[in-house]
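The structure appears below as structure tokens.
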Amino acid sequence: INSAAIEIDAVKPTITSISRSIPMQEFTNADDVTFEVVFSEDANFTIASFTSSIGSINSATGTGGMTATVNVNGIASADALLDLGVVSIEVHDLASNTMTDNTAGAEETYTIDNTTPDIVDVRINDDDGLVGSTDVSPINANNQTNITLIIDGGDTSGNQVGGLTNYTYDYTISGPGASDIVASGNLDSNGNVVLTGISLSAYSDGTLQMTATITDPAGNTSIVDAASTDTELKDTVLPAAPTGLSLSNA
718 INSAAIEIDA VKPTITSISR SIPMQEFTNA DDVTFEVVFS EDANFTIASF TSSIGSINSA
778 TGTGGMTATV NVNGIASADA LLDLGVVSIE VHDLASNTMT DNTAGAEETY TIDNTTPDIV
838 DVRINDDDGL VGSTDVSPIN ANNQTNITLI IDGGDTSGNQ VGGLTNYTYD YTISGPGASD
898 IVASGNLDSN GNVVLTGISL SAYSDGTLQM TATITDPAGN TSIVDAASTD TELKDTVLPA
958 APTGLSLSNA
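The working numbering numbers the first residue of the sequence shown as 718 and each following residue consecutively.
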């Protein structure tokens, strides 16, 4: 007597996870992004098996396996959350069981941000280390080794993402007689930077210029304009003593 075992598969596929793949970070200004979708078992799917909250599904590869690689494009000018969806009736396991539950066990999304941040103000030799105050002018022999720099990078663009402490700044100070000073760091929770004890003693007398930019977590960098530039005169030469004076008996 010959007999054969028949395996019955009535289990429907489910979604184990949807995760960011390229890039991996949440905040991005990329023109297209790629998700990785992991199913509970090998599954067949097509490009029609997926939807995106913004943009368009560009490709979906890996059918017949447990992992789908899904690319979304058409987001080059977007400022919005990008959420990948799965169309359950368009996903089937190898036994032709159709997915009915398209809820992912774990899901990641992208925050697409293409808005350029802006700088409110920068200052060389701020008088009291407070944002919005005025410069001490000029830079002289007494204060040239203890200069305060201010960057007011509060980003008034209207599209702050990821928290201001995750914004970075870069500044350059240039002037006669010495190489540029270049530095970078992170903004504080108000979007500002106060840097004290900066020495500009290496520069010769003349006009010094500071330019600054800020970059948001999505990689957008502010432009250099009047608000992000400050100039200050350096004058360390003491006035000459008067000559040709004489005392007279009146």
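All C-beta atoms in this analysis are idealised placements derived from N, C-alpha and C, irrespective of residue type, glycine included.
**Item:** First through last residue of the beta strand (DSSP E) which encompasses Q926
**Value:** 923-932
**Request:** Look at the alpha carbon of G667 and the alpha carbon of N761, and state the distance between them as a whole number of angstroms.
**Result:** Absent from the structure is residue 667, since the part of the chain shown begins at 718 and ends at 967.
**Asked** Taking buried to mean at least 16 other C-beta atoms within 10 Å of its own C-beta, is I774 buried or exposed?
**Response** buried
**Request:** Examine the Cβ distances between the region 938-948 and the region 829-843 and report whether three or more of them are shorter than 8 Å.
**Result:** yes
**Prompt:** Under the DSSP definition of a beta bridge, which residues are partnered with N790?
**Reply:** S773
**Euclidean distance between Cα positions of E825 and M741** = 10 Å
**DSSP state of N883 mapped onto helix, strand, coil** = helix
**Asked** Alpha carbon to alpha carbon, how far is S921 from T865?
**Response** 18 Å
**Prompt:** Contact between the region 907-916 and the region 804-812: three or more CB pairs below 8 Å?
**Reply:** no
**Item:** Cα-Cα separation between T828 and L798, rounded to whole angstroms
**Value:** 5 Å
**Message:** Rounded to whole angstroms, what is the Cα-Cα separation between N876 and A777?
**Reply:** 31 Å
**Prompt:** Are the region 745-759 and the region 783-798 touching by the rule of at least three beta carbon pairs closer than 8 Å?
**Reply:** yes
**Message:** Assuming the contact rule is C-beta atoms closer than 8 Å, S906 and T930 should be a hit. Round their C-beta distance to whole Å, please.
**Reply:** Going by Cβ atoms, the distance from S906 to T930 rounds to 19 Å, so no, they are not a contact pair.
**Asked** DSSP on A919, reduced to helix/strand/coil?
**Response** coil
**Message:** In the DSSP assignment, the beta strand (DSSP E) including L801 goes from what residue to what residue?
**Reply:** 801-803
**Request:** Quick one: using the 10 Å Cβ neighbour count with 16 as the cut-off for buried, is P730 buried or exposed?
**Result:** buried
**Prompt:** With a CB to CB cut of under 8 Å and the five nearest residues on each side skipped, what residues in its chain are close to G782?
**Reply:** D759, A760
**Request:** Tell me whether I739 sits in a helix, a strand or coil according to DSSP, three-state version.
**Result:** strand
**Request:** Can you have a look at A785 and say buried or exposed, based on whether 16 or more other CB atoms are within 10 angstroms of its CB?
**Result:** buried
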